[in-house]
Every structure is written in C-alpha cells, then in structure tokens.
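Under our numbering, the first residue of the sequence shown carries the number 155, and numbering increases by one thereafter.
Positions of the beta carbon are idealized from the N, C-alpha and C atoms, including for glycine.
Note that the structure is a prediction, hence the values are computed from the model and not measured.
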Amino acid sequence: MHLTPTPELAAEIDALASRYGGRVGLDAVLGDLDRRLRRTVAPCLTRHRAWTWDRADRADRGWWPQGVSVVGRRVAVSWYARARGSRVSFLDLDARRYRHVTLVVPTDDSFEPLPIHAGGIAWHGDRLYVAATTAGLWVCDTRDVVRGPNGYLLPVRFLLEPSEPFRFSFAAHVGDGLVIGEYDTRGGTRRLGHVAPDGGPVEVHDGGVQRAQGAVRVGERWYVTASHGPRTPGSIWSGPAGALREHPWAVPMGCEDLAYDDGRDLLWTVTEHPHRRWLVAVRRSRFG
C-alpha cells in the first residue's frame with residue numbers, strides 16, 4: 155500500500171486568508187487561549203497525570219474528543235460532531251488553558267466544515283495530520299490558521315490517499331514517521347502501519363487488537379490503546395507486532411487515540427464520554 159498526496163488546495167486557502175484579513179497562524183491561537191484546563195485524577199490502575207476540560211466541554215454531547223498529539227508542553231486534541239464537522243483543541247499545559255479551532259475545507263468563495271470522525275491526529279512541525287477513516291489522512295499547515303467571524307479556522311491543504319482500502323481509525327507521529335491503524339470489533343482487519351510524513355510506501359503489520367483506538371511505535375515495540383465502553387477502564391497492549399500483551403485497566407474508560415512524548419517517555423491518551431473526559435499521561439516504561 156502507498157499513500158499519495160492529492161493536489162494542494164493552495165488557491166482556495168489563499169482566498170480564505172484574503173477574505174479574513176490574512177493568515178494569523180498557530181501562534182495567534184496559542185496567545186489567545188480562552189478556556190481553562192483543570193488538573194484532576196482519573197480512574198485507572200496506572201500511576202498517571204490527568205487534566206480535564208471546562209464544565210461545558212466535559213458535558214457536551216454534541217462534540218466528542220478523539221485524537222491526541224503532543225509537542226513538548228503543548229497538546230492537540232481532535233473532536234468530531236455528527237452534524238457540525240470536526241475541530242482541534244490546542245492546549246498549553248503550563249498555562250492550563252486551551253482553545254478550539256474549527257477544521258474546514260476551503261472553497262473558491264467560502265469554506266465548509268470537515269465532516270470526518272477525526273479519530274486520530276499527528277502533529278509534526280507545522281503539519282497536522284487528521285485521520286479520515288476510509289479517505290486517508292487530511293494534512294493541514296498550522297501557518298494557514300485564519301481568524302474567522304466565529305473563531306479560528308484551520309483549512310485542510312491536501313489528502314494523503316491510500317492505494318488500497320484501509321481504515322484510518324487513528325494516527326500518531328513517532329520519530330521520523332507516522333503510525334496509522336484500524337479499529338475493528340467484528341473480526342475484520344486490525345492492521346497497523348508506519349509511513350513517512352510525505353506518504354509513500356506503508357509498512358503494514360497484521361495482528362492488531364480488537365477495539366484498538368490508538369497506537370504508537372517505539373523501536374520495534376508497539377503500544378496500543380483498546381476501549382471497553384463507557385464504564386470499564388481501557389487497556390494498553392504492548393509488544394512486537396502480532397505478539398501484543400494486554401495491560402488491563404491501564405487507562406480510563408472511553409480511551410481513544412495514543413501519542414508518545416519521547417522527551418519525557420510518556421504515553422498520552424484522551425477519553426471521550428461526557429462527564430468522563432480526561433487527558434492522561436502514563437509512563438511508557440510501565441508497559442515494557
């Protein structure tokens with residue numbers, strides 16, 4: 155399998171930026187964080203650090219957290235809403251503040267919401283990769299952020315399309331590449347993949363796990379989150395591809411995507427259910 159980039163929506167992004175007074179970039183967002191994070195404790199057996207959202211976002215049944223990616227002390231979390239598209243929250247852990255940015259598809263004269271599940275994201279340099287299930291990975295450039303009439307907008311620039319069917323259920327950035335993988339509950343494929351940031355051939359591994367929600371790769375060792383519904387804490391599976399071992403109750407219920415902070419050797423996940431929404435970091439060494 156290969157991932158191939160589609161033509162860039164450069165002219166459409168330029169038109170969007172012109173319409174709203176020019177690009178402001180991610181720095182403008184990070185300097186204008188309007189919501190508060192709160193330190194907390196989450197229900198799992200693993201020693202951890204946890205944060206939660208403000209009251210409205212903890213309870214919101216329209217928007218659901220999905221993907222997570224970490225760059226130093228900043229975190230990006232993707233959300234989806236069935237009727238409203240997708241968005242990314244940018245968090246500053248030191249300031250304990252965050253802000254939502256709407257993901258959009260730019261058109262010749264306007265923009266449209268990006269109607270994807272956004273089950274995983276990967277933040278690498280100025281690029282943000284967003285998992286789009288059967289379509290591939292949408293790629294944004296964070297320098298393209300504009301300030302619209304109702305908040306900040308981040309347009310997609312191009313799509314990394316697969317040469318054969320693959321479910322892009324989650325994504326992560328690790329080292330010099332991207333990890334992708336498939337969610338399955340009914341006996342279908344549960345593949346994991348590794349690919350360069352610009353696309354190209356995908357190193358595909360069979361032998362993922364049921365209900366996989368996120369994965370990262372460190373050397374030849376894989377780490378995979380698996381959910382067990384809204385009431386039972388989730389698992390982290392670890393080991394070589396095809397020989398993963400389960401660590402039950404390792405992360406809270408409703409765990410989603412997985413990210414790796416190589417500077418601190420931490421695994422990060424985010425949980426999705428209303429009133430049970432946490433951002434959690436655990437030591438990778440706990441899982442071998």
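Taken in chain order, the complete beta strand (DSSP E) segments of 3 residues or longer contained in the stretch 215 to 282 are 218 to 225, 228 to 235, 239 to 246, 251 to 260, 265 to 267, 275 to 278. His156 counts as exposed, since fewer than 16 other beta carbons sit within 10 angstroms of its beta carbon. Residue burial annotation: Ala404 is buried, with at least 16 other C-beta atoms found within 10 angstroms of its C-beta. Looking at the DSSP output, Asp295 bridges to Arg281. Apart from the 5 residues on each side of it in sequence, Val222 sits with its Cβ closer than 6 Å to the Cβ of Val231, Asp411, Ala413, Trp422, Val424 in its chain, given in chain order. With a minimum length of 3 residues, the unbroken runs of beta strand (DSSP E) contained wholly in the stretch 350 to 383 fall at 357 to 359, 366 to 372, 375 to 382.
Under the DSSP definition of a beta bridge, His156 partners with Pro355.
The beta carbon of Arg227 sits closer than 6 Å to those of Leu247, Asp248, all from its chain and outside the five residues before and after it, given in chain order. It is roughly 9 Å from the alpha-carbon of Leu313 to the alpha-carbon of Val284. Contact between His271 and Gln220 holds, with the beta-carbon distance rounding to 7 Å and staying under 8 Å. Around the beta carbon of Asp181, fewer than 16 other beta carbons sit within 10 angstroms, so the residue counts as exposed. Within the same chain, Cβ atoms closer than 6 Å to the Cβ of Glu162 are found at Arg311, Phe312, the five residues on either side in sequence being excluded.
Collapsing the DSSP output to three states places Ser392 in a strand. Counted as a single uninterrupted DSSP element, the alpha helix (DSSP H) harbouring Asp168 occupies residues 164 to 173.
When beta bridges are read from the DSSP output, Tyr414 appears opposite Leu421.
Excluding the 5 residues flanking it on each side, Pro384 has same chain C-beta neighbours closer than 8 Å at Met407, Gly408, His427, Arg430, in chain order.
According to the DSSP secondary-structure assignment, Glu400 is paired through a beta bridge with Trp391.
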